[in-house]
């Protein structure tokens, strides 16, 4: 998802102490939803959630920051297995622990990160901002996985038919 997030001065003021850290930048090394990196996904979730939080009079700063940190884990979720639960349950808790090494988290930011997998997990979000990030995360994941896949399928069909895509 392409956005002009770097040109949004307010947004950048909220995340600038986090975005260029090695811990956040290293998310670019991990595929997230087949066609995007975890960093690209995290920025998309963060920025779109921030925009919605502003529009709906939420805490835009906490939403931007927690959105950026919601998937702050360093393993391939497709292959890693856990004794303590599913990836949907475990990775938000890992993300909170990793985020707390970078910055102090408010209760709101912790709830946003921990609850962003709601519907795949049972504990519902406590705050409006948590619902925003939860829904935006699902939107971005779907967009990142399906749009390129549909584009590839369309191009393959056009190619088979001898048509330009």
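Residue numbers (the UniProt record's numbering): 1 to 165. Glycine included, C-beta positions come from ideal geometry on N, C-alpha and C.
{"Asked": "Which of the three DSSP states, helix, strand or coil, is assigned to residue 79?", "Found": "coil"}
{"Asked": "Comparing C-alpha positions only, which one of 8, 45, 35 and 21 sits nearest to residue 71?", "Found": "45"}
{"Asked": "Roughly how many angstroms lie between the CA atoms of residue 57 and residue 127, to the nearest whole one?", "Found": "12 angstroms"}
{"Asked": "What residue ranges within the UniProt domain \"HD/PDEase\" (34–151) form continuous alpha helix (DSSP H) runs of no fewer than 4 residues, ordered along the chain?", "Found": "38–55, 60–69, 87–102 and 107–115"}
{"Asked": "By a C-beta neighbour count over all protein chains shown, 10 Å radius and 16 as the cutoff for buried, is residue 32 buried or exposed?", "Found": "buried"}
{"Asked": "Can you give me the Cβ contacts of residue 61 inside the same chain, cut-off strictly under 7 angstroms, excluding the 5 residues immediately before and after it?", "Found": "14"}
{"Asked": "When the Cα of residue 96 is compared with those of 89, 113 and 123, which residue comes out closest?", "Found": "113"}
{"Asked": "In chain order, what residues of the same chain have a beta carbon less than 8 angstroms from the beta carbon of residue 88, not counting five sequence neighbours either side?", "Found": "117, 120 and 121"}
{"Asked": "How big is the Cα-Cα spacing for residue 197 and residue 143?", "Found": "Within the shown structure, residues of the chain are numbered from 1 to 165, placing residue 197 beyond reach of any answer."}
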